[in-house]
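In terms of the working numbering, the sequence shown opens at residue 91 and continues consecutively. C-beta: ideal position from N, C-alpha, C; glycine also. Being a predicted model, the structure only gives us computed values, none of them experimental. Written below as structure tokens is the structure these notes are about.
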Amino acid sequence: MNGTATAPVRMQAVRRTFRGEPSQVRLVRDFVRRHLGERHDCPEATLEDVLLCVTETATNAIRHTSSGSGGQFTVVLCLNGSAARVEVIDGGPAETPGGGDDNPREEDDFCLPGGLGLPPLLISHSDRMGYEERGQHGVAWFERMW
């Protein structure tokens, strides 16, 4: 040991709950941009990746869980030095299978609206990602470092 020590990086966490409406996605982006971009000197390219991932994760919660049926969802942003973890905590399973998505798609029909799925996007634009259940809530999360 060389006698020099570095102070541990203190983790900061902020959270906010949003109404389960598509109009709230813009507010989610503003929330993340304010805390990550303006307060933590995150590089613009990394910030854009995080904003893309949180946009899709929040939209997924609204479209495919009970959060979108007059419910709500919570975004938790954990910051630790030059890393961020974002969690989107949804309201749990929707009453109808598929979260109310009345148009099931064939696996290879990429021309239909509805996207290609959350995991491929998160894999391409984050360093780690996952999904877990906490009680009756689903938690989609991703991490991005810079």
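Local Cβ density within 10 Å of residue i, reported as buried at 16 or more and exposed below that
i, result
"S113", "exposed"
"A103", "exposed"
"R175", "buried"
"E134", "exposed"
Straight-line gap, residue i to residue j (C-alpha atoms, nearest Å)
i, j, result
"Q162", "R153", "12 Å"
"D217", "R234", "5 Å"
"H215", "L142", "8 Å"
"L126", "A184", "31 Å"
"A148", "V122", "12 Å"
Residue from the options whose Cα sits closest to the Cα of residue i
i, options, result
"E146", "P183, M235 and P210", "P210"
"S157", "L137, D131, V115 and G207", "V115"
"H227", "I179, F108 and G220", "I179"
"V118", "Y221, G207 and V144", "V144"
"R106", "T164, E138, S172 and G171", "T164"
"N150", "C168, G182 and G225", "G182"
"A173", "W236, F121, R109 and F108", "W236"
- Task: May I have a chain-ordered list of the beta strand (DSSP E) segments no shorter than 3 residues that lie completely inside the region 100-126?
- Result: Taking only runs of at least 3 residues, the beta strand (DSSP E) segments lying wholly in the region 100-126 are 102-109.
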